[in-house]
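In this note's numbering, the protein residues as written are 4 to 352. Glycine included, every Cβ here is placed at the ideal spot set by N, Cα and C.
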């Protein structure tokens, strides 16, 4: 009886595949793509998929693959396998494998009717999107849900809603300070909001609560500095630098952060010259955070070699002077280092 049931199942699956090819009706309800630069929203939606699937069909029929390691041939073998003692099977692929045109459609045509295939791809969308051949074909064939970055208004609304789920509220000043200190990274914002909510313990979150609980890393601070310099807002960059110093950021740490930013700028400019302008691809290749690349990319796109060399010469000369004792850089006498920082910021003008 088991053999007969299996034969009937295979026969039914073959008929479905033939009908798809004949009528060119790809099973888009079986193939899904979560796409966009919003890593937090992508991760949350992927988590929702897997949690709901486990609750309904169990973990035995859920498989997760790394798109950078799995091949389309291996995926084809997976999607043709029927569910094990369950109604459905879910294959999750984080990223999209490299491949040529036709490989995605081949998988779609051969899928078992009770298998769902979910791809997640953190990448730009809209007019700046750049897809590989396989990614483009997948986007054409799959049921695609896009996750763009939130606007400032949407981000504020999301913060308020997230706080509400924790039983809290925040003043406008606290919201603005939180965004100034952390930026647009929703994952980091979610972590900090949980801490701040516990600290406030039911009362409204104020700006002082944010200052007390949020630890600003040097890397996060430099993203905002990159924003100013990338947009050519030199005066705002100078004001921001002095604001950091007033908040207790040491001149030495600020100088090292600035040098790190310049090193990243050189690498991003090299990527742009090679024709790569997708910030998420650049971030992956350079093993840095995408927010930093996004902040510096506008400046890198329009920066010529002469301008870049001038900035680097100024910074290297200043750093050499600090290391050889030409300039003072002690906690007791930081004036010369502060002047060098200002001069280096002004070199972007």
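The Cβ atoms of residue 233 and residue 320 do not sit closer than 9 Å to each other. The C-beta separation of residue 45 from residue 150 comes to about 5 Å, placing the pair in contact by the 8 Å criterion. Setting aside the 5 residues that flank it on each side, residue 296 is surrounded in the same chain by 271, 282, 285 and 286, each with a C-beta closer than 7 Å to its C-beta; the list follows chain order. Burial is judged here by how many other beta carbons sit within 10 angstroms of a residue's own beta carbon; residue 64 has at least 16 and is buried. Its chain contains 75 and 137 as the residues whose beta carbon lies nearer than 6 Å to that of residue 102, once the 5 sequence neighbours on both sides are disregarded; these appear in chain order.
In the assembly as shown, residue 123 is a buried residue. Its beta-carbon has 16 or more other beta-carbons within 10 Å.
In its chain, beyond the 5 residues on either side, 340 and 344 have a beta carbon closer than 7 Å to the beta carbon of residue 258.
Taking 9 Å as the cut-off, the beta carbon of residue 162 is found no closer than this to the beta carbon of residue 120. Counted as a single uninterrupted DSSP element, the beta strand (DSSP E) harbouring residue 68 occupies residues 65-69. If you check the CB distance, residue 67 and residue 96 come in under 9 Å. Closest option to residue 276, judged by alpha-carbon separation, among 308, 179 and 293: 308. Taken through DSSP and simplified to helix, strand or coil, residue 276 comes out as helix. The residue among 235, 255 and 265 with its C-alpha nearest the C-alpha of residue 305 is 235.
The closest CA to that of residue 154, considering only 186, 144 and 170, is found on 186.
Between residue 90 and residue 115, the gap from beta carbon to beta carbon reaches 9 Å or more.
Annotation for residue 126: 283 place their beta carbon closer than 6 Å to its own, counting only its chain and skipping 5 residues before and after. For residue 252, the three-state secondary structure derived from DSSP is coil.
Contact annotation: residue 181 and residue 199 have beta-carbon atoms nearer than 9 Å. For residue 312, the three-state secondary structure derived from DSSP is helix. Assigned with DSSP and collapsed to three states, residue 162 falls in helix. For residue 122, the enclosing beta strand (DSSP E) starts and ends at 118-125.
A residue is called buried when at least 16 other Cβ atoms come within 10 angstroms of its Cβ; residue 204 does not meet this threshold and is exposed. For residue 93, the uninterrupted beta strand (DSSP E) run begins and ends at 92-97, by DSSP. Between residue 261 and residue 177, the gap from beta carbon to beta carbon reaches 9 Å or more. Residue environment analysis places residue 269 among the exposed positions, since fewer than 16 neighbouring C-beta atoms fall within 10 angstroms of its C-beta. Ranked by Cα distance from residue 99, the first of 338, 37 and 166 is 37. Note that the C-beta distance between residue 43 and residue 179 is not below 9 Å. The three-state reading of DSSP puts residue 60 in helix, counting H, G and I together. A straight-line Cα-Cα distance of about 37 Å links residue 263 and residue 172. For residue 153, there is no enclosing alpha helix (DSSP H), as DSSP marks it with neither H nor E. Distance from the CA of residue 244 to the CA of residue 72, rounded to the nearest whole angstrom, comes to 43 Å. Contact between residue 195 and residue 217 holds, since their C-beta atoms are separated by about 5 Å, short of 8 Å. One alpha carbon belongs to residue 147, the other to residue 83, and they sit about 22 Å apart. Going by beta carbons, residue 313 and residue 347 fall outside the 9 Å limit.
Residue 136: member of the alpha helix (DSSP H) spanning 136-144, first to last residue.
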